[in-house]
Amino acid sequence: MTNTAHIVETALLLLVAYLLGCILGYGVRRILHAARGTRQVVAVPQPVVVPPAPTSEVRPPRSHAARLAATVNEPLPAPKPQRVEPAPLAAKSPTEPATAKRPAKEKSGDAQPPALVAARNGKAENLKQIKGIGPKIEASLYAMGVFHIDQIAGWSKANAEWVEGQLAFKGRIRRERWVEQAIELSKAKADA
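This is the structure:
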């Protein structure tokens, strides 16, 4: 007998044993349930509802704010309205490009990379050329003001860590070498 025939024979015997077990189990179950007879339904008495004893003084519930207000002796003075002047708009010079850089955040230790308000020449580059950047990350980078591959090529280690913090991908930029890929793509674009 060959190995294949032996394997097939063993599988068939296991299948027959399984089917016999199923049939035997079904028969035993039917016999045991038939021996139990019919189920007896026991009537459950209805619970008796006892109304609470009436109290002599009924007080409506008070909210936490109402209790707190009752404890204050003097009302607070009304806030004085403050006039807020809008900041004057800076006049744009015709030589100034329309894609001015966003102001950096004022936190100390914040390493936000330089961001653009809009893409240069009104057209953003396809950042998905960098392996590891998909459509969702590309949209997030556009929202952060990163529209061009040369912007990514200019990131420092601190800039990359800041972007990772914004994207919630710790170590991904370094691991997937976004900056190195962007530098290579920028060089290839300059050579072409």
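Quick note, the sequence shown lines up with residues 247 to 438 if you use the working numbering. The beta carbon of each residue, even a glycine, is placed where N, CA and C say it ideally should be.
- Contact annotation, W408 with A361: C-beta distance approximately 11 angstroms; criterion of less than 8 angstroms not satisfied.
- Of the candidates G380, V392, V274, A399, A399 places its Cα closest to the Cα of W424.
- When the Cα atoms are used, D437 and Q427 turn out to be separated by approximately 15 angstroms.
- The Cβ atoms of Q375 and L413 lie no closer than 9 angstroms to each other.
- In this structure, the CA atom of G417 is about 54 angstroms from the CA atom of L258.
- Residue environment analysis places Q292 among the exposed positions, since fewer than 16 neighbouring C-beta atoms fall within 10 angstroms of its C-beta.
- For W401, same chain residues with a beta-carbon under 6 angstroms away, outside a window of 5 residues either side, are P359, V425 in chain order.
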